[in-house]
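Here is the structure we will look at.
Here is the structure:
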């Protein structure tokens, strides 16, 4: 099993659907390992855009996990809407000890089968 720190540079997203009735979506990205939603790492929210640019670095503690879950949300006052999601395998990510670009197709829509945009990351793993 893999343990260490996954450094993620969240660069941008493209091709997002507009989930707001008035205006454009206010997207942010959340990451968590396996089912541990208590240790969620989030980007800031970008207001009124379907092509958000973050350039934010997050550090995710990996303690023998198998998957990193990625969920793009639309920040709304009552309940945040899901814009797209993906699952990344830690064994694949742990191979990158230098910053490596990763293009993540986001799934969503009917039964999670449709394409809902693309997330652009750079990742670097440090064992520890």
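Residue numbers (the working numbering): 1 to 128.
All C-beta atoms in this analysis are idealised placements derived from N, C-alpha and C, irrespective of residue type, glycine included.
The model shown is predicted, which means the values in this text are computed figures rather than measured ones.
Could you tell me which whole beta strand (DSSP E) segments of length 3 or greater appear in the region 2-90? 3-14, 27-33, 53-63, 67-74, 81-89
Burial state of residue 73, where buried means 16 or more other Cβ atoms lie within 10 Å: buried
Cα-Cα, which of 108, 125, 103 is closest to residue 13? 103
Just list the residues that DSSP pairs residue 93 with in beta bridges. In the DSSP output, where bridge partners are listed per residue, residue 93 has none listed.
Mark residue 77 as exposed unless 16 or more other C-beta atoms lie within 10 angstroms of its C-beta, in which case mark it buried. exposed
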